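Residue numbers (our numbering), protein chains in the order written: chain A, 353 to 437; chain B, 210 to 386.
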C-alpha cells in the first residue's frame, strides 16, 4: 500500500480509533470508574452507565461512517492497486 | 508456503509472515459460513412470504440513532421497497459469498445491512448484552471478507477477474475479489 493521504488517514485511523474508543475505551472506563454491573438471572447487565449509551452508539456510528467514507472515496478516486486480479 | 507481508501502519514499517494455505482455507470457510447465514436469512423470508419489515423500520427503529433515516422507509412505496430488498439483498449477498461472485460488493452490502441490525437491535435492547454483539462481529467479518478479497479463493471472482471486461474497467476490481 502506498502512503495514505491525509484524508485517507482520517478515514482509516480516525474511523478505527472511534470504533475502538466506543467499544474498548468506553468499556474500560465503565469497568474502572463505572457502577457495579451484576448480571441478572436473564443474563442481562443491569447498571447505570458512566457514559450515556447513546454517546457510545454515536461514537461507533461515526467511526463506521468514516471507514465507509474512506472506502467510497477510494472507489471513486482511483483504481485498486492490486493488479494481480 | 509463507508470504511475508510488508506494509506501513501508523507511520511504522510492519512486516509479518502469513502461511498461505491456511489463509486460503480460512477465507473459504469464512465465506461459506457467512454466506449460508445470509442466504438462509433471505430464503427464510421468501418461504414465509409476505415479509413485513414495518415493525423494524417503523416501530423498533424510531427512537434509535438511525431512526431519522430508517423511519423514512416505514410506509408507502419505500416500505414496499424495503420489504423486497431485505430478503432479496440477503439472498443475493449469501449467494455471492457462497459462490464467490462479486464478493466485495456482496460483503459491502452485508456490512451495510449489519450496520442497521447492529444499532437498531442494540439500542432497542438497551445494549443489554454489551456493545460488542453478534451483529457487530458479523459487520466486522463482512469488512474482513471485503478487505481480503475472499472471492478469489475457489470462487467465481477468480474467473471474472481474468475477463477482458474487468481488465478494461479496472475499478470493477473493487467489486470482485
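Idealized CB from N, CA, C, for every residue including glycine. Computed from a prediction, not measured in an experiment: that's the story for all the values here.
Q) Counting pairs of beta carbons, one from the stretch 401-414 of chain A and one from the stretch 371-388 of chain A, are three or more of them closer than 8 Å? A) yes
Q: Could you tell me which residues DSSP puts in a beta bridge with residue 221/B?
A: Residue mapping note: residue 221/B aligns to position 12 of the second chain, counting from 1. Its beta-bridge partners are 218/B.
Q) So is residue 383/B in contact with chain A if we call contact Cβ pairs under 8 Å? A) Here residue 383/B refers to the residue found at position 174 when the second chain is read from its first residue. Yes, residue 383/B lies at the interface with chain A (some Cβ there is under 8 Å from its Cβ).
Q | Beta-carbon proximity of residue 306/B to residue 354/B, cut-off 8 Å | A | Stepping through the second chain from its first residue, residue 306/B is reached at position 97. Stepping through the second chain from its first residue, residue 354/B is reached at position 145. Contact: yes.
Q. Which chain A residues are close to residue 332/B, counting only those with a beta carbon under 9 Å from its beta carbon?
A. Looking up residue 332/B in the second chain gives position 123. The answer, in chain order, is 405, 406, 409.
Q: Give a yes or no on whether the minimum CB-CB distance between residue 402/A and chain B is below 8 Å.
A: Residue mapping note: residue 402/A aligns to position 50 of the first chain, counting from 1. No, residue 402/A lies away from the interface with chain B (no Cβ there is under 8 Å from its Cβ).
Q: Below 8 Å on the Cβ atoms is my guess for residue 302/B versus residue 319/B; work out the distance and round it to an integer in Å.
A: Residue numbering aside, residue 302/B sits at position 93 when the second chain is read from its first letter. Residue numbering aside, residue 319/B sits at position 110 when the second chain is read from its first letter. The Cβ separation is near 5 Å, so the contact holds.
Q: Locate the alpha helix (DSSP H) running through residue 294/B, then write down its first and last residues.
A: Locating residue 294/B in the second chain gives position 85, where the first residue counts as 1. 285-308 is the span of the alpha helix (DSSP H), which, as asked, contains residue 294/B.
Q. Any beta-carbon of chain B closer than 8 Å to the one on residue 375/A?
A. Stepping through the first chain from its first residue, residue 375/A is reached at position 23. So yes, residue 375/A belongs to the interface.
Q: Would you mind working out which of 217/B, 232/B, 325/B sits nearest residue 344/B, comparing C-alpha positions?
A: Numbered from its first residue, the second chain carries residue 344/B at position 135. Nearest option by C-alpha distance: 325/B.
Q | Distance CB(residue 370/B)-CB(residue 350/B) smaller than 8 Å | A | Residue numbering aside, residue 370/B sits at position 161 when the second chain is read from its first letter. Residue numbering aside, residue 350/B sits at position 141 when the second chain is read from its first letter. For residue 370/B and residue 350/B, no; Cβs fall outside 8 Å.
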